[in-house]
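As you go down the protein sequences, you meet chains A and B in turn. Residues are numbered in our numbering as their position in the first sequence, beginning at 1, plus a constant of 59. Residues are numbered in our numbering as their position in the second sequence, beginning at 1, plus a constant of 59. Notes follow the structure.
There are 2 protein chains.
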Amino acid sequence: MQHYWNLRPNSSSWGPEGTQDNGSMVSIHTLHFSLDYQHVQVPFEITLWITLASLAKIGFHLYNKMPIVVPESCLLMFVGLILGGLICSLNDKSPLVRDSDIFFLYLLPPIVLDAGYFMPAQPFFENIGTILLYVIVGTMWNAFGIGLSLYGICQVKYFNLQDVSLLHNLWYGSLIAALDPVAVLSVFEEIHVNEKLHILVFGESLLNDAVTVLYKLFKYFCGMPSIKPLDILAGIGNFFFFLVGIGGIFTGFLFGMTVAFTTCFTKVICVIEPLFVFLCSYLSYLIAEMLHLSGIVVIIACATSIKHYVEANISQKSHTTIKYFMKIWSSVSDTLMFIFLDVSTIGDNHEWNWPYICFTVIFCLIWRALGILVLTFFISKCHVNTVTRKDQFIIAYGGLRGPICFSLVFLLPEFSRKKLFIAATTVVILFTVIVQTINK
Amino acid sequence: MQHYWNLRPNSSSWGPEGTQDNGSMVSIHTLHFSLDYQHVQVPFEITLWITLASLAKIGFHLYNKMPIVVPESCLLMFVGLILGGLICSLNDKSPLVRDSDIFFLYLLPPIVLDAGYFMPAQPFFENIGTILLYVIVGTMWNAFGIGLSLYGICQVKYFNLQDVSLLHNLWYGSLIAALDPVAVLSVFEEIHVNEKLHILVFGESLLNDAVTVLYKLFKYFCGMPSIKPLDILAGIGNFFFFLVGIGGIFTGFLFGMTVAFTTCFTKVICVIEPLFVFLCSYLSYLIAEMLHLSGIVVIIACATSIKHYVEANISQKSHTTIKYFMKIWSSVSDTLMFIFLDVSTIGDNHEWNWPYICFTVIFCLIWRALGILVLTFFISKCHVNTVTRKDQFIIAYGGLRGPICFSLVFLLPEFSRKKLFIAATTVVILFTVIVQTINK
């Protein structure tokens, strides 16, 4: 049925400035079959990946009991591992899978937008003090704790790691220290803890994007020939300035207001409303990325203000569509993230120095537990908030690492031990997501 | 507020295989402002174009009376002309605007999907005979009529057009002969004719995609050193085979069935249903493009079967979301198409040979009117269908050309008279859309 003249010998001759491909035309005198794959490759592969993710999701939910025993993210990681093995054996790594830009520009925004939009605002602001303490002090504590203890491990001659400098260890610590909002969201949504606990862990993971600033700071220090005290001071000042994220919150709020204002005029053409909400939220994220602000903070501020000010302006159907599509997009992005994460895991880009890897996992657990214990002690002392012993355990245990730190580790510049850091990050993520959540 | 250390000197150093950009790091010792535009360029520009399109749509509908006097597509074309002038004067043509792939791979599918999904199936199949006659005989008649008469014009020495061959004229005739579904959809939706008339013109424009096969056939002939009768026979056989579009209808139906089958299992996770419908429809279009089938016929077959078999399986909310998002996407694609069309119009790629251009417009009108008259005469003779005199006039007058033939003319291989063909196509489109529709 698909036999016909090959009139499109290759897609390149069909560009706007296409040139006639005489060579292959003249000789054709038989009907033959040809595929024009190159022409549709990009959208085709993207659509195929998303379809695969949807099918995986449908498959899991067919067996109702599965998601209760094993969280979906774990199942997705297994699917990813299998696919990664397949792609690796075919020796044909899809270019899509490896690109960190795809992660930060296309997959992360829908997830964070959804998270910000459906975040219960009241408990979040009630516990903002505790959350900020966990974020600012806790993450610094973790980053320096892990970095310094790993540096200690590197001094043991037996492990052959003496070439990993203090600065590189601190850099790696800053990368592995933060909770991952993606992992926390997808795991905590399924395991049902009480609201306060949820908002504490979730709020921490969201505001944690500031840790990428710490990561950038160490990147900056690593690129300098010598570090003066003034540099450190300026860097720390910069870090805190960022952390407070006034710029991010302001930008996000501005975009939310723009949407609110525009939707006052969309009564006649309400079909455009959901689109406009998505466009403005995405624009706020992109502009934040452009201005080196925290994209996550900006889009959350935007989503929160949209929820407050826009809902009254738009029609009920638009509202349903917005909610529905946010859920769809974030759910698909989430699925793709976990699949891509594991597809990238399989390959030859790891250096399996087991002592370093095992100590990374152990230090991540210890420093998180210690940090939560100490911080909660101070919080209880000041009567700001009460966190029970059991809650403390869950908060410490819920220190999930996920796709964000995986992408950050791939963004590290090439140096001799990059593959070791990738291997350690992979193991930490697999350990926290699979081992820590299955038990719950 | 956005003053901070320049830690991302350029986006290229942030790829997965990123290399440390030491050079620019070492020297930075002052806080300074930098934009990372390159990093977000692609999604940013896409989002900006869509936002612009939405704002234009909102703007038009603010003044309720405007769309009644002037159809929206005309207004959009004016916006496009202004933007085109702006971009041209800035001497910075956005790469997005010029790419025909964007048109056929991303903008066209949502429009056709929406058209196919909301097409009233009953009147369509009731009038299928008349529609097919208009498509097959009418379009061939137009193509050969316009091509041959333009060849006649080229023989007039005074016009300086003797180098345009018969084959090139026929090729151009095949390109300009067909109604454009995009133009017909956006114009007829606003001017409200009776249902039968609407389905006749609309059905013709949809099935007209077969004319791109005629276009490909002439492209093929143009690439051959000499044409034998056998080639012509094979070509015509091929054309009809395509025209019937068994392959296309079958492929589309297959995809529709796949969606119908899969949605039987999505009761538990109904949030995925709308996504799945869109994914499969888009996949069917891409696969059709890959197999050189008519993408439009495939996606319409898919949309029709989805509407029949899927609706019963999915939840009410999914249904609302599907309908809503189809409308949004097609509406935005439509807007972008008309804007891009005019942005590309402004520029230095035209050859203004006015006799050729004027005669093209005149022949388009005459041959269409003649064709409709003759065909309707035969149809009435056979008592298949009755089309009144007034209806005939509207059908003939509704022969709108639009973005599809504009993209096809850009896809022509480079030869001496390509710019003339582009100019003539531009004028025909502007004439049919603006002049013919404002009067209605």
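Note that the Cβ used here is the ideal one computed from N, Cα and C, for glycine as well. Note that the structure is a prediction, hence the values are computed from the model and not measured.
request  = For valine 391/A, count neighbouring C-beta atoms within 10 Å of its own C-beta (all shown protein chains included) and say buried if the count is 16 or more, exposed if not.
outcome  = buried
request  = Pick out whichever of Phe247/B, Leu276/B, Met316/B, Cys417/B has its Cα sitting closest to the Cα of serine 264/B.
outcome  = Phe247/B
Residue environment, threonine 445/A, which counts as buried when at least 16 other CB atoms sit within 10 Å = exposed
ask   = Cα-Cα, which of Phe397/B, Tyr368/B, Tyr176/B is closest to cysteine 133/B?
value = Phe397/B
message = Give me the residue from Gly311/B, Phe312/B, Thr310/B, Phe335/B with the minimum Cα distance to threonine 322/B.
response = Phe335/B
query = So is tyrosine 383/B in contact with chain A if we call contact Cβ pairs under 7 Å?
reply = yes
inquiry  = For a minimum of 4 consecutive residues, which ranges assigned as the alpha helix (DSSP H) are wholly contained in the segment 409-485 of chain B?
reply    = 413-440, 448-456, 462-469
key: Positions along the segment 96-116 of chain B whose CB lies within less than 7 Å of some CB in chain A   = Tyr96, His98, Val99, Pro102, Phe103, Thr106, Ile109, Thr110, Ser113, Lys116
message = Could you tell me the alpha carbon to alpha carbon distance between threonine 394/B and leucine 489/B, rounded to whole angstroms?
response = 15 Å
ask   = What is the rounded straight-line gap between the Cα of glycine 82/B and the Cα of glutamate 473/A?
value = At glycine 82/B the pLDDT is 37, less than 50, meaning the model places this residue with poor confidence and gives no usable figure here.
query = In three-state terms, what does DSSP make of isoleucine 195/A?
reply = helix
task = Can you have a look at phenylalanine 119/A and say buried or exposed, based on whether 16 or more other CB atoms are within 10 angstroms of its CB?
result = buried
inquiry  = Rounded to the nearest angstrom, what separates valine 356/A and isoleucine 308/A at their Cα positions?
reply    = 6 Å
Distance, isoleucine 258/B Cα to proline 182/B Cα = 7 Å
query = So what does DSSP say about lysine 326/A, is it helix, strand or coil?
reply = coil
request  = Excluding the 5 residues preceding and the 5 following histidine 88/A in the sequence, name in chain order all residues of the same chain whose CB lies nearer than 8 Å to its CB.
outcome  = With a pLDDT of only 38 at histidine 88/A, under the threshold of 50, the placement of this residue in the model should not be trusted, and no figure is reported.
query = Would DSSP call glycine 282/B helix, strand or coil?
reply = coil
key: Sequence-distant residues of its chain with Cβ nearer than 7 Å to threonine 484/B (five each side left out)   = Ile235, Cys464, Phe465, Val468
ask   = Which residue comes first and which comes last in the alpha helix (DSSP H) that contains glutamate 370/A?
value = Note, glutamate 370/A: premise wrong, no alpha helix (DSSP H); not H, not E.
inquiry  = So, with DSSP's three-state summary, where would you put glutamine 100/A?
reply    = helix
key: Residue span of the alpha helix (DSSP H) that contains serine 233/A, given as start and end   = 225-235
query = Given 8 Å as the limit, is there contact between the segment 420-437 of chain A and the segment 196-204 of chain A, that is, 3 or more CB pairs closer than that?
reply = yes
Leucine 345/B: contacting residues in chain A (beta-carbon distance under 8 Å) = Val99, Pro102, Phe103, Thr106
inquiry  = Quick check: the Cα distance between glutamate 104/B and glutamine 214/A, rounded to an integer number of angstroms?
reply    = 50 Å
Where the alpha helix (DSSP H) through histidine 503/B begins and ends = Chain B is shown only over 60 to 499; residue 503/B falls outside these bounds and no answer can be derived.
inquiry  = So, under 8 Å CB-CB, threonine 419/B and leucine 459/B are touching, yes? Tell me the CB distance rounded to an integer number of Å.
reply    = Their Cβ separation, rounded to whole angstroms, is 15 Å, which puts threonine 419/B and leucine 459/B out of contact at 8 Å.
query = Since lysine 386/B meets chain A, which of its residues come closer than 8 Å, beta carbon to beta carbon?
reply = Val330
message = Under 8 Å: do the segment 360-367 of chain B and the segment 309-318 of chain B share three or more Cβ pairs, one atom per stretch?
response = yes
First and last residue of the uninterrupted alpha helix (DSSP H) at valine 171/A = 167-176
inquiry  = So with CB distances below 7 Å, who are the chain A contacts of tyrosine 341/B?
reply    = Thr106
key: Residue of Val494/B, Phe177/B, Asp222/B, Ser374/B minimising C-alpha distance to arginine 476/B   = Asp222/B
query = Can you tell which of Val99/A, Met136/A, Leu107/A has its C-alpha closest to the C-alpha of aspartate 401/A?
reply = Met136/A
message = Please report the distance separating the alpha-carbon of tyrosine 231/A from that of leucine 238/A.
response = 14 Å
task = Please report how far the alpha carbon of phenylalanine 184/A lies from the alpha carbon of serine 439/A, in whole angstroms.
result = 18 Å
Of the residues Leu229/B, Gly262/B, Val252/B, the one placed nearest valine 241/B, counting alpha carbons only = Gly262/B
message = Judging by CA-CA distance, which residue of Leu432/A, Pro462/A, Cys441/A, Met178/A is the nearest neighbour of lysine 449/A?
response = Leu432/A
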